[in-house]
Amino acid sequence: MAMKVLLILLLVPALALADDLAAAKKTFTTLVTDDLTDAFVTKALVSIYNSSREKLNFKAAANAVIDAVEDDVVSQSKFYSPALAFYNHVSNMKTFEKEFIAAATPSLGGAYRKLLKRAPKTQLAYSKAVKQLITKKVGKQLLTNVKKALSANDWKYLVNDFYSVVKFGQYGISKVA
Numbered sequence: 018m019a020m021k022v023l024l025i026l027l028l029v030p031a032l033a034l035a036d037d038l039a040a041a042k043k044t045f046t047t048l049v050t051d052d053l054t055d056a057f058v059t060k061a062l063v064s065i066y067n068s069s070r071e072k073l074n075f076k077a078a079a080n081a082v083i084d085a086v087e088d089d090v091v092s093q094s095k096f097y098s099p100a101l102a103f104y105n106h107v108s109n110m111k112t113f114e115k116e117f118i119a120a121a122t123p124s125l126g127g128a129y130r131k132l133l134k135r136a137p138k139t140q141l142a143y144s145k146a147v148k149q150l151i152t153k154k155v156g157k158q159l160l161t162n163v164k165k166a167l168s169a170n171d172w173k174y175l176v177n178d179f180y181s182v183v184k185f186g187q188y189g190i191s192k193v194a
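Residue 18 is where the sequence shown starts when you use this note's numbering, and the numbers rise one by one after that.
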């Protein structure tokens, strides 16, 4: 009996600390990168969850994510050098952000609108929805749209500067000469 009580005492805190966003985080790390901290990814995912709860449109939700994580980019040690290089290479960062969001709207915006229709009430339900809605096909379409939207130089710098930390290769994208 004492062993059962001990087991329960050990399991209850573990269950309380269960990560409701685990499925969404795994989807993100599988499709995008393993090189962002858990706290950074969590902040981005919580921002999207909150935007969906507030019924924000995709553009507002995308801007909310950028605002939520922008100050933390420098704390992402593996991303710091690529981000700095990209910032110095890209023709205009604000223009890039606008072009990226516009290019992301057909693929990620479509998934986000489906998420809004599902209206998940909890982070766990949200995480499961993200896992179902954000697929490799969505990632491939996103990158295709982004490539079309950017200037050739900005695309080259995006791919080359972030190639070591973003999983471009799994989408058939090589470094650009």
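Note that the Cβ used here is the ideal one computed from N, Cα and C, for glycine as well.
According to the DSSP assignment, Glu71 belongs to no alpha helix (DSSP H), since it is labelled neither H nor E. Non-local C-beta neighbours of Asn177 in its own chain, meaning closer than 7 angstroms and more than five positions away in sequence, comprise Lys192 and Val193, ordered along the chain. Closest option to Asp51, judged by alpha-carbon separation, among Val147, Ile65 and Ser94: Ser94. Bounds of the alpha helix (DSSP H) holding Phe117 are Met110 to Ala121. Residues of the same chain with a CB within less than 7 angstroms of the CB of Leu141, apart from the 5 flanking positions on each side, are Asp37 in chain order. In the DSSP assignment, Asp37 falls outside any alpha helix (DSSP H), carrying neither H nor E.
Annotated as distal: Gly156 and Tyr180, with beta-carbon spacing of 9 angstroms or more. Sequence-distant partners of Asn67 (beyond 5 residues in either direction) whose C-beta falls short of 8 angstroms from its own C-beta, in its chain, are Ala81. Nearest C-alpha to Val163 among Ser124, Ala120 and Pro137: Ala120. Secondary structure of Val183 (DSSP, three-state): coil. Sequence-distant Cβ neighbours of Phe117 in its own chain, meaning closer than 7 angstroms and more than five residues away, are Val163.
Cβ-Cβ distances below 7 angstroms link Ser124 to Val155, Gln158, Leu159 and Asn162 in the same chain, with the five nearest sequence neighbours on each side left out; the list follows chain order. Assignment of Ile83 by DSSP, reduced to helix, strand and coil, places it in the helix class. Below 8 angstroms, enough C-beta pairs join the stretch 146-154 and the stretch 39-47 to call them touching: three or more. For Asp89, the closest C-alpha among the options Thr47, Phe45 and Thr54 is that of Thr54. Look at Gly126 here: in three-state DSSP terms it is helix.
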